[in-house]
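Okay, so the sequence shown: first residue is 12 according to the working numbering, each after it adds one.
The C-beta atom is built at its ideal place from N, Cα and C for all residues, glycine as well.
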Amino acid sequence: MTPPETFHCETCDRTVDYDEAIRRETMGDLDPNKWQLFCCDRCGNRLATVFVGSE
Numbered sequence: 012m013t014p015p016e017t018f019h020c021e022t023c024d025r026t027v028d029y030d031e032a033i034r035r036e037t038m039g040d041l042d043p044n045k046w047q048l049f050c051c052d053r054c055g056n057r058l059a060t061v062f063v064g065s066e
């Protein structure tokens, strides 16, 4: 699965490129080697939790 190239921040109402998004550890029981939390680089709003591991 390929991660998205961009995310939409509903708080800032702007498009955030994949490379500009802030990556944070996931919450709960998700494996951080397989899942990544992406946040807006401007306001810090959570944008998406994306599967980044191999299947």
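Annotated three-state conformation of Asp28 is strand, per DSSP.
In terms of Cβ geometry, Gln47 and Val27 do not form a close pair [threshold 9 Å]. Excluding the 5 residues flanking it on each side, Lys45 has same chain C-beta neighbours closer than 7 Å at Phe62, Val63 and Gly64, in chain order. Spanning the alpha carbons of His19 and Glu31 requires a straight line of approximately 12 Å. Between the C-alpha atoms of Asp52 and Tyr29 there is a straight-line separation of about 10 Å.
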